[in-house]
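In our numbering, the protein residues as written are 142 to 231.
Structure first, then comments.
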Amino acid sequence: MRTAANMLREGKENSANVGYSVGFNSEAAFNRAFKREFGEPPAKWKKRVEAEKRSAEERLRRDKLPLQQVRYCSGFDGTRLACAGPEAAR
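Here it is, written out as structure tokens:
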């Protein structure tokens, strides 16, 4: 079942093809065995795993760098400066 779960997670194969690949002769038998092992049918499990992966990727992307606010100023001698810092909460 772990092989089947990995195939579902990594590939574009549907549950019937995965079931046949891991030795089941019918999709129904594979679905029942998968549900016994993982608590939900393969299609539902795959959708949940994909949604969790997208959510984790979004969280990483969002949390990677804080929003920045760039400010500019000039010194007395005409030197122009820019600095960036976290954007103030709105």
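Here a beta-carbon is modelled for each residue, glycine too, at the ideal position from N, C-alpha and C.
Please read these numbers as outputs of a predicted model, since none were measured by experiment.
Return helix, strand or coil for V163, following the three-state DSSP convention. coil
Applying the criterion that 16 or more other CB atoms from any shown protein chain within 10 Å of the CB defines a buried residue, is S167 buried or exposed? exposed
Let me make sure I understand the geometry here. Which of G152, F171, K153, L208 has the alpha-carbon closest to that of M142? F171
Using DSSP with H/G/I as helix, E/B as strand and the rest coil, what is P183? helix
Which residues mark the beginning and the end of the alpha helix (DSSP H) in which L208 is found? Looking at the DSSP string, L208 is not in any alpha helix (DSSP H), and its letter there is neither H nor E.
Label F217 either buried or exposed according to how many other C-beta atoms from any shown protein chain fall within 10 Å of its C-beta, with 16 as the threshold for buried. exposed
N147 versus R212 - alpha carbon distance: 49 angstroms
In or out: A225 buried (at least 16 other Cβ within 10 Å) or exposed? exposed
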